[in-house]
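Working notes, structure below.
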Amino acid sequence: MSSVTGFFIPPVSYFGEGALLEAVNFIKTKEFKKAIIITDPGIAKIGLSGKVTEILKENGLDVAIYDQTQPNPNIGNVTAGLKVLKEQDSDVVVSIGGGSAHDNAKAIALLATNGGEIGDYEGVNQSKNAALPLVAVNTTAGTASEMTRFTIISNEEKKVKMAIIDNNVTPAVAVNDPSAMYGLPPALTAATGLDALTHCFEAYLSTAASPITDCCALKGIDLIQESLEEAYKNGKDTKARTDMCYAEYLAGMAFNNASLGYVHAIAHQLGGFYHLPHGVCNAVLLPHVQSFNKKDEKSNNRLAEIASHLGAKENTADSTIERLHEFNRVLSIPRNLKELGVKVEDFEILAENAMKDACHLTNPIQFEKEEVIAIIRQAYEY
Ligand SMILES: NC(=O)c1ccc[n+]([C@@H]2O[C@H](COP(=O)([O-])OP(=O)(O)OC[C@H]3O[C@@H](n4cnc5c(N)ncnc54)[C@H](O)[C@@H]3O)[C@@H](O)[C@H]2O)c1
Ligand SMILES: [Fe+2]
Numbered sequence: 006m007s008s009v010t011g012f013f014i015p016p017v018s019y020f021g022e023g024a025l026l027e028a029v030n031f032i033k034t035k036e037f038k039k040a041i042i043i044t045d046p047g048i049a050k051i052g053l054s055g056k057v058t059e060i061l062k063e064n065g066l067d068v069a070i071y072d073q074t075q076p077n078p079n080i081g082n083v084t085a086g087l088k089v090l091k092e093q094d095s096d097v098v099v100s101i102g103g104g105s106a107h108d109n110a111k112a113i114a115l116l117a118t119n120g121g122e123i124g125d126y127e128g129v130n131q132s133k134n135a136a137l138p139l140v141a142v143n144t145t146a147g148t149a150s151e152m153t154r155f156t157i158i159s160n161e162e163k164k165v166k167m168a169i170i171d172n173n174v175t176p177a178v179a180v181n182d183p184s185a186m187y188g189l190p191p192a193l194t195a196a197t198g199l200d201a202l203t204h205c206f207e208a209y210l211s212t213a214a215s216p217i218t219d220c221c222a223l224k225g226i227d228l229i230q231e232s233l234e235e236a237y238k239n240g241k242d243t244k245a246r247t248d249m250c251y252a253e254y255l256a257g258m259a260f261n262n263a264s265l266g267y268v269h270a271i272a273h274q275l276g277g278f279y280h281l282p283h284g285v286c287n288a289v290l291l292p293h294v295q296s297f298n299k300k301d302e303k304s305n306n307r308l309a310e311i312a313s314h315l316g317a318k319e320n321t322a323d324s325t326i327e328r329l330h331e332f333n334r335v336l337s338i339p340r341n342l343k344e345l346g347v348k349v350e351d352f353e354i355l356a357e358n359a360m361k362d363a364c365h366l367t368n369p370i371q372f373e374k375e376e377v378i379a380i381i382r383q384a385y386e387y
């Protein structure tokens, strides 16, 4: 196996209040003419996509819009958005929203220049051509999809999520403006923040972790410990929201390069099977997967190292895991998979599909199917 590690992030990223306008300046300097906005009905309803449309029009661009992206976007969303793009002959894509809008936009921008169907690009670096330039305006903190080379698209017929990991889907510009997040409701703030925490954990324990991704993961955990509860309680707190922007971006830098583990491998199946929110699935699974990972000595040590960053009582793996349960309680995350409506009779197929998901390849322990079922059962009965 090669010992070379790569490190991938977008060429340009903007942070802080006013970042959105900075991104519009970027679009102007590139002399794009026709922008397509990819977003979802929630973002359209709060008027954010309308506001960006106005700003782009004021700056001389034609603007088309596809605003029907669903949570856990599916092949139908990609096809419908691509149709609008072709009708307009767009030269730049602007995604506004959380992971769902960005993932849909990435898939659309990739197909616009490569042709075919999104399923053709499942796996790692399957495309030939650079995607259309994507300016990703983030509104959750979050998936970090606004800066990663991943796009996760559901195959609604097969009830599975496809992972497309491709340098060509990395956005040209990532925008994290906290003012786009002040209205994010507490439950979504909690779920998306715990998704970012999961990225930090899985990247820190990953077999592909490097000193760079370790730094990103630990600093991400520091900021989440400092500010997630505050952002949850007071969504308009500028410092807490700004900290969470940096935290989720750092978490993205970590997992974009060190990849993930069994929390995401299983969570993707729950999302594909039952349409459950990604962050909630991760939050429920995170402590349980770690209680299995700690059987590996290096992982046990790494979980103990995380303790002081996460405000755990003692510097042990068990204390870190207990702190994760406490986080879930304080942020009103459902207690277990039973509460989420997962069915015992599906454990087997969920475990089988999780073992096919590329995210598990860098988990510190490669579990047998019976062990994956045992993790799911523990998270169900807890
Ligand atoms: N590509 C990646 O790197 C990556 C990584 C992790 C997860 N994902 C994917 O991302 C998706 C989940 O994304 P998400 O958790 O960001 O949620 P989401 O994009 O599905 O959004 C959830 C809901 O929140 C609403 N919303 C978003 N921002 C808002 C705001 N500021 N104010 C009010 N409402 C707002 C949306 O309208 C939507 O109804 C899943 O499909 C998951 O698989 C992708
Ligand atoms: Fe995630």
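If you want the working numbering, it's the 1-based position in the sequence shown plus 5.
Here a beta-carbon is modelled for each residue, glycine too, at the ideal position from N, C-alpha and C.
Please read all numbers here as calculations on a predicted model, not as lab measurements.
Applying the criterion that 16 or more other CB atoms from any shown protein chain within 10 Å of the CB defines a buried residue, is F260 buried or exposed?
-> Here the question's residue 260 lines up with position 255 in the sequence shown. Answer is buried; the Cβ neighbour count reaches 16.
Quickly, what does DSSP pair M167 with across the bridge? List them, please.
-> Locating residue 167 in the sequence shown gives position 162, where the first residue counts as 1. Note: M167 sits in a beta bridge opposite I158.
In chain order, what residues of the same chain have a beta carbon less than 6 Å from the beta carbon of T321, not counting five sequence neighbours either side?
-> Reading the sequence shown from its first residue, position 316 is the one you call residue 321. Cβ within range, chain order: A309.
Please check the pair F297 and I380, which I expect to be a contact at CB under 8 Å, by giving their CB distance rounded to whole angstroms.
-> Translated into the one-based positions of the sequence shown, residue 297 becomes position 292. Translated into the one-based positions of the sequence shown, residue 380 becomes position 375. At roughly 6 Å, the Cβ-Cβ gap stays under 8 Å, so F297 and I380 are in contact.
Quick one: give me the first and last residue of the alpha helix (DSSP H) that Y251 is part of.
-> As a working mapping, residue 251 is identified with position 246 in the sequence shown. Looking at the DSSP string, the run of the alpha helix (DSSP H) that includes Y251 is T243 to A263.
Which term fits Q371, buried or exposed, when burial requires 16 or more other beta carbons within 10 angstroms of its beta carbon?
-> Taking the first residue of the sequence shown as position 1, residue 371 is located at position 366. By the Cβ-count criterion, Q371 is exposed, with fewer than 16 other Cβ atoms from all chains shown falling within 10 Å of its own Cβ.
Presumed contact (8 Å Cβ cut-off) between V140 and V174, rounded CB distance | Here residue 140 refers to the residue found at position 135 when the sequence shown is read from its first residue. Here residue 174 refers to the residue found at position 169 when the sequence shown is read from its first residue. That belief does not hold up - the Cβ atoms of V140 and V174 are roughly 13 Å apart, past 8 Å.
So what's Y387 in DSSP terms, helix, strand or just coil?
-> Working through the sequence shown from its first residue, we reach residue 387 at position 382. The answer is coil: DSSP assigns Y387 none of H, G, I, E or B.
Assuming V335 contacts V294 (C-beta within less than 8 Å), just tell me the rounded distance between them.
-> On the sequence shown, position 330 is the one that residue 335 refers to. On the sequence shown, position 289 is the one that residue 294 refers to. About 20 Å; that fails the 8 Å criterion.
In angstroms with no decimal places, state the Cα-to-Cα distance between D67 and Q131.
-> Counted from its first residue, the sequence shown places residue 67 at position 62. Counted from its first residue, the sequence shown places residue 131 at position 126. Between the alpha carbons of D67 and Q131 lies a gap of roughly 32 Å.
Quick one, which of A270, N30 and A263 has its alpha-carbon nearest V9's?
-> Position 4 of the sequence shown, counted from the start, is the residue given in the question as residue 9. Comparing Cα positions, the closest option is A263.
Quick one: give me the first and last residue of the beta strand (DSSP E) that I43 is part of.
-> For the purposes of this step, residue 43 is identified with residue 38 of the sequence shown, where counting begins at 1. Note, I43: beta strand (DSSP E), K39 to I43.
Which partner residues of Y19 appear in the DSSP bridge assignment?
-> Position 14 of the sequence shown, counted from the first residue, corresponds to residue 19. Per DSSP, V180.
Contacts around V83, its chain only, beta-carbon distance under 8 Å, and the 5 residues preceding and following it disregarded | In the sequence shown, counting from the first residue as 1, residue 83 sits at position 78. Closer than 8 Å at Cβ, skipping near neighbours: N109, A112, I113, L116, I123 and I158.
Separation of M167 from E127, as counted between CA atoms = Here residue 127 is taken as the residue at index 122 of the sequence shown, counted from 1. Here residue 167 is taken as the residue at index 162 of the sequence shown, counted from 1. The alpha-carbon of E127 is positioned some 6 Å away from that of M167.
Return helix, strand or coil for S95, following the three-state DSSP convention.
-> Position 90 of the sequence shown, counting from 1, holds the residue named residue 95. Residue state, collapsed to three classes: coil.
Nearest-angstrom Cα distance between S215 and K303?
-> Translated into positions along the sequence shown, residue 215 becomes position 210. Translated into positions along the sequence shown, residue 303 becomes position 298. Rounded to whole angstroms, S215 to K303 spans 14 Å at the Cα level.
Starting from N48, follow the alpha helix (DSSP H) in both directions and report where the run begins and ends.
-> Taking the first residue of the sequence shown as position 1, residue 48 is located at position 43. The question names Asn, yet the displayed sequence has Ile at residue 48. Where I48 is concerned, the enclosing alpha helix (DSSP H) stretches over P46 to K50.
Cβ-heavy atom distance, K166 to ligand 1, below 7 Å = By one-based count along the sequence shown, residue 166 stands at place 161. Within the cutoff, so yes.
To the nearest angstrom, report how far apart T156 and E327 are at their CA atoms.
-> If you number the sequence shown from 1, residue 156 lands on position 151. If you number the sequence shown from 1, residue 327 lands on position 322. In this structure, the CA atom of T156 is about 32 Å from the CA atom of E327.
A69 - partner residues in DSSP beta bridges = To locate residue 69, count along the sequence shown from 1; it is residue 64. Assignment of beta-bridge partners to A69 by DSSP yields I41.
Would the region 223–232 and the region 176–184 be scored as touching if the rule is three or more Cβ pairs under 8 Å?
-> Contact between the region 223–232 and the region 176–184 is absent, with fewer than three C-beta pairs closer than 8 Å.
How is I101 classed by DSSP in three states: helix, strand or coil?
-> Your numbering for residue 101 matches position 96 in the sequence shown. Strand at I101.
Can you check whether the CB of A356 is closer than 8 Å to the CB of H365?
-> As a position in the sequence shown, residue 365 is number 360, starting the count at 1. As a position in the sequence shown, residue 356 is number 351, starting the count at 1. Contact: no.
Would you kindly work out how many angstroms separate the C-alpha atoms of L223 and D200, rounded to a whole number?
-> The residue you call residue 223 lines up with position 218 of the sequence shown. The residue you call residue 200 lines up with position 195 of the sequence shown. C-alpha separation (whole angstroms): 15 Å.
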